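When we follow full-length UniProt numbering, the leftmost residue of the sequence shown carries the number 1, and every step to the right adds one. C-beta atoms are modelled at their ideal positions from N, C-alpha and C, and glycine is treated no differently. None of these values were measured; they are calculated from a predicted model.
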Amino acid sequence: METEAAKFIGAGLAVFALAGVGMGIGNIFATLIASIARNPASRAAVFPIGILGFALTEAVALFALLIAFLILFA
């Protein structure tokens, strides 16, 4: 196998983690909307935690893209 083909396979496997990130973000916001719909008074307490969960999950996506780019261009 050529090294260029191995780089493409490695980058594809690194980006495969983005599927889990997409499902995680969807789950976070679905739960956030359901909890606010169930108890609107809890919005002030629940919303910042949901945004923090979104930010941490999105950080995993950025790390996966960083690894993919490092595999491709390094």
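Asked	Found
Thinking just about the alpha-carbon of each residue, which of Met1, Glu2 and Phe8 is nearest to the one in Phe73?	Phe8
Can you list, in chain order, the stretches of the alpha helix (DSSP H) that have 4 or more residues and sit fully within the UniProt domain "V-ATPase proteolipid subunit C-like" (9-71)?	17-38
If you count every other CB in all the chains shown that lies within 10 Å of the CB of Ile28, and 16 or more means buried, which is it?	buried
Between the segment 15-24 and the segment 52-66, do at least 3 Cβ pairs fall closer than 8 Å?	yes
Indicate the three-state DSSP secondary structure (helix, strand or coil) for Glu2 in the structure shown.	coil
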